[in-house]
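S.K.: Anchor point for the sequence shown: position 104 equals 86 in the numbering used here, and the numbering is continuous, going up by one each time.
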Amino acid sequence: MMTASTQTARASKSVSPSPRVKRVTKRTAPSAPPIEALEADAPQPAEPAPVPSLPRPPAGKLGIVVDLLRRPEGATLAQISTATAWQPHSVRGAMAGALKKKHGLSIISEPAEGGRVY
-17 MMTASTQTAR ASKSVSPSPR VKRVTKRTAP SAPPIEALEA DAPQPAEPAP VPSLPRPPAG
43 KLGIVVDLLR RPEGATLAQI STATAWQPHS VRGAMAGALK KKHGLSIISE PAEGGRVY
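Right, here's the structure in full:
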C-alpha cells in the first residue's frame, strides 16, 4: 500500500529533470548569403607563378632498385634481390607495380648469360 508521501516522492522524481541532465534544444542554422555574393566581395588574390614540378625519384628500397636499373650495364634479378633483401617475386612486383604503373618508368629487359638484365 502506498502512502501519500510515497506517491508525491515518486511523482516528483518522474516530473523534475535531474540537475545533471542538460536539455537539448533544436537549433536552426542562420541563413547564409549566396556563394556568389561572398565571391564578389572577396578580394581576388594575384595568380602565383606556376612552379615546375620535377618528378621525385622513389625513396628507400625502390630508390635502390632505380639506381641499379639506371646503371649502364643494368642489373639482374639476383643483384636487385641481394641489394634490397627482397625475394625475386617481390622485385618483379615492385618493378611492375610501383615503378611502371605509379612512377611511369619504362623498364626494358634483355636476355643475357647470367639471366635476364633489366
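Note that the Cβ used here is the ideal one computed from N, Cα and C, for glycine as well.
How close, in whole Å, do the beta carbons of residue 66 and residue 73 come, if the pair is a contact with beta carbons under 8 Å?
M.R.: Indeed they touch by this definition, with Cβ atoms about 7 Å apart.
S.K.: Is residue 89 near residue 81, with beta carbons less than 8 Å apart?
M.R.: Yes. Within cutoff.
S.K.: Just the C-alpha distance for residue 79 and residue 70, rounded to the nearest angstrom, thanks.
M.R.: Spanning the two alpha carbons is a distance of roughly 14 Å.
S.K.: Tell me whether the beta-carbon of residue 100 lies closer than 8 Å to the beta-carbon of residue 44.
M.R.: No, Cβ-Cβ distance for residue 100 and residue 44 is not below 8 Å.
S.K.: Using DSSP bridges, identify the partner residues of residue 58.
M.R.: For residue 58, which the question treats as bridged, DSSP gives the partners 99.
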